[in-house]
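Engineer: Starting off with a structure, shown below.
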Amino acid sequence: MEAMMIWQERVAIDGVKKRLRVRDGQTTVDPHVAEAGTYAVFKHEDPSEAFESFIKRIYEEWFTKTMYVPGPYYVEARGEKGPDEQSADEVWIPVDYTKPAHCGSYQNSWTTIAQALREAIKFTPKKELSLVDVMGYTGHAFRININGNNVDPAGPTAWDWGPVLEKDLLRLGIRCSYVGEPNYTPPTPELLGQAIEKVQSSLDRGIPAVAWDLLIPEFGVIYGYDDDKQELHVKDVSGEGVLPYAKLGRGQVGELFVLTFDGFFETDKRTVLVETLESIVEHARVRYHLHSEPPFQNGLDAYDAWIEAFRKGTVDPFGNAYNVAVVCDSRAYAVRFLQELQQRWDGDSREEQEVSRLAALAENHYRDVFNALVRLPSLYPFPQGGNPNVEANAAYSIDYLERAREAERQGVETLESMLKLLKSHP
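Take the sequence shown: its position 333, counting from 1, is numbered 333 in full-length UniProt numbering, and each next residue is one higher.
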């Protein structure tokens, strides 16, 4: 049984009845004006199946396997059938989306590189760093990267991992090194040997290694090894498992990337914030992709690319749902990071007070970004994807993406003011 997820404005629909579900099983039938909201739409295609049996299957089979909670009624859309007939072409059920527990919970994240880094950091002298710290100071809480052709799922991981992470981790007081890169090329035996040696060296010091595409094409950690069995013990967002040495870098994507921590040092609050703000602003303002194809856009221009894909009707449902989840979750972390920044800079000096004030203002803007984006996961659940190229859904999405873009523009400008302040008083 499949459902189409659609956004419906508040309009009258001809030939439609609303049946209110009540505890005793009785229903009342009224002419219906559809409320604005998200609906799961089911087609009644088997005339041999009794309509009441079809309705029962929807509630017992479909809703029990999804992240959706049904509303208090369902709508019978009859099309050309008369209103008194005992069947319907479609059944519309208003739904609320219950997001995954890790979305914005500040314990896990859709940005799996940040989550993997945090898992490894727990075993280092920097273990006091939270996932909010990692998301914020690396800039991942403020990132967005969209393919304007189709919003494909590669967006959140389409960046030069090694060099970027090397700079990001310095802001956390961590020196790192890595083997491999995102090149869609399985490793040579020599490169694989270097990676295995690197992993073992880190694990022998008691620190997990961060790696790509262990069980699924996401970032995870390698937390153990068995040299006799030639196996690695790995964990990512899909779970835990055992990976043969020979399969490292030869997963679903077929590319190798392993990162380990090499040293730790104390950081200066002011320097770290300046470098973090520089990274956030650069991401927002400057395209970091070297080639025009594929047409990835990062930062503020990414919203325009996303909107254009909706206007063209070329949005990939799976990729769009993934980007919606990642970006919405990251902005939840941006809000929390800016809240904590206010507390860290709540000092007596004029500069500290101004930084705290600007952080509060930026928090409000990024909260507006989150409040706009959070309207989309219910329409585009991952991994099902929904129906982004339905005209009403596209129009609804464009509206909220435009709101998010404007709020983020104001947020970036506020962070630029904070950066200017800090640079004017070295």
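Idealized CB from N, CA, C, for every residue including glycine. Please read these numbers as outputs of a predicted model, since none were measured by experiment.
Is the number of C-beta pairs between the region 172-192 and the region 359-372 that are closer than 8 angstroms three or more?
Structural biologist: In short, these stretches do not touch, since the Cβ pair count stays below three.
Engineer: For residue 297, which residues does DSSP report across the bridge?
Structural biologist: Beta-bridge pairing links residue 297 to 146.
Engineer: Can you give me the start and stop residues for the alpha helix (DSSP H) that residue 177 sits inside?
Structural biologist: Run containing residue 177: none in the alpha helix (DSSP H); it sits in the beta strand (DSSP E), 174-180.
Engineer: Given a threshold of 16 other Cβ atoms within 10 Å of its Cβ, counted over all protein chains shown, does residue 271 qualify as buried or as exposed?
Structural biologist: When all chains shown are included, residue 271 counts as exposed.
Engineer: Taking its Cβ as the centre, do 16 or more other Cβ atoms sit within 10 Å of residue 26, making it buried, or is it exposed?
Structural biologist: For residue 26, the predicted structure reports a pLDDT of 44, less than 50, and the residue's modelled location is therefore unreliable. A value from the coordinates is still provided. Flag for residue 26 reads exposed.
Engineer: Quick check on residue 3: does DSSP put it in helix, strand or coil?
Structural biologist: The answer is coil: DSSP assigns residue 3 none of H, G, I, E or B.
Engineer: Do residue 95 and residue 68 have their C-beta atoms closer together than 8 angstroms?
Structural biologist: Cβ distance < 8 angstroms, so residue 95 and residue 68 count as in contact.
Engineer: Is the beta carbon of residue 150 less than 8 angstroms from the beta carbon of residue 395?
Structural biologist: Contact: no.
Engineer: How would you label residue 82, buried or exposed, when you count the other beta carbons within 10 angstroms and need 16 or more for buried?
Structural biologist: Note that residue 82 scores 44 on pLDDT, short of 50, meaning its location in the model is unreliable and no value can be drawn from it.
Engineer: Rounded to whole angstroms, how far is the Cβ of residue 141 from the Cβ of residue 210, which I believe are closer than 8 angstroms?
Structural biologist: Actually they do not touch by this definition, with Cβ atoms about 18 angstroms apart.
Engineer: Between residue 259 and residue 178, how many whole angstroms is the CB-CB distance? I'm expecting something under 8 angstroms.
Structural biologist: The Cβ separation is near 4 angstroms, so the contact holds.
Engineer: Could you give the distance in angstroms between the alpha-carbon of residue 215 and the alpha-carbon of residue 225?
Structural biologist: For residue 215 and residue 225, the distance between alpha carbons rounds to 15 angstroms.
Engineer: What's the C-alpha gap between residue 2 and residue 384?
Structural biologist: Looking at the two C-alpha atoms, the distance is approximately 10 angstroms.
Engineer: For residue 406, does the three-state DSSP call read helix, strand or coil?
Structural biologist: Correct three-state label for residue 406: helix.
Engineer: Report the rounded CA-to-CA distance for residue 227 versus residue 196, giving the unit in angstroms.
Structural biologist: Near 10 angstroms, if we compare the C-alpha coordinates of residue 196 and residue 227.
Engineer: Less than 8 angstroms between C-beta atoms, sequence neighbours within five positions excluded: which residues of the same chain meet that for residue 285?
Structural biologist: Closer than 8 angstroms at the Cβ level, and outside the excluded window around residue 285, lie 299, 300, 412.
Engineer: Can you tell which of 250, 231, 249 has the C-alpha that lies nearest to the C-alpha of residue 241?
Structural biologist: Minimum Cα distance to residue 241 is reached at 231.
Engineer: Mind checking residue 425: buried by the 16 CB within 10 Å criterion, or exposed?
Structural biologist: Label assigned to residue 425: exposed.
Engineer: Cβ of residue 338 within 8 angstroms of Cβ of residue 418?
Structural biologist: Cβ distance not < 8 angstroms, so residue 338 and residue 418 don't count as in contact.
Engineer: Under the three-state reduction of DSSP, which class applies to residue 273: helix, strand or coil?
Structural biologist: Residue 273 falls in the helix class under three-state DSSP.
Engineer: Relative to the alpha-carbon of residue 350, which residue among 421, 189, 246 has its alpha-carbon at the smallest distance?
Structural biologist: The shortest C-alpha separation from residue 350 is found at 421.
Engineer: Would you please verify whether the beta carbon of residue 406 is less than 8 angstroms from any beta carbon of chain C?
Structural biologist: Absent from the structure: chain C. Only one protein chain is present.
Engineer: Could you tell me the boundaries of the beta strand (DSSP E) in which residue 263 lies?
Structural biologist: Segment 257-264, the beta strand (DSSP E) holding residue 263.
Engineer: What residue range does the alpha helix (DSSP H) around residue 161 cover?
Structural biologist: Counting along the chain, the alpha helix (DSSP H) containing residue 161 begins and ends at 161-170.
Engineer: Could you give the residue range of the beta strand (DSSP E) that holds residue 235?
Structural biologist: Taken as a continuous stretch (DSSP letters only), the beta strand (DSSP E) holding residue 235 covers 231-236.
Engineer: Considering only their Cβ atoms, is the gap separating residue 249 from residue 180 smaller than 8 angstroms?
Structural biologist: Yes.
Engineer: Who pairs with residue 96 in a beta bridge, going by DSSP?
Structural biologist: Per DSSP, 69.
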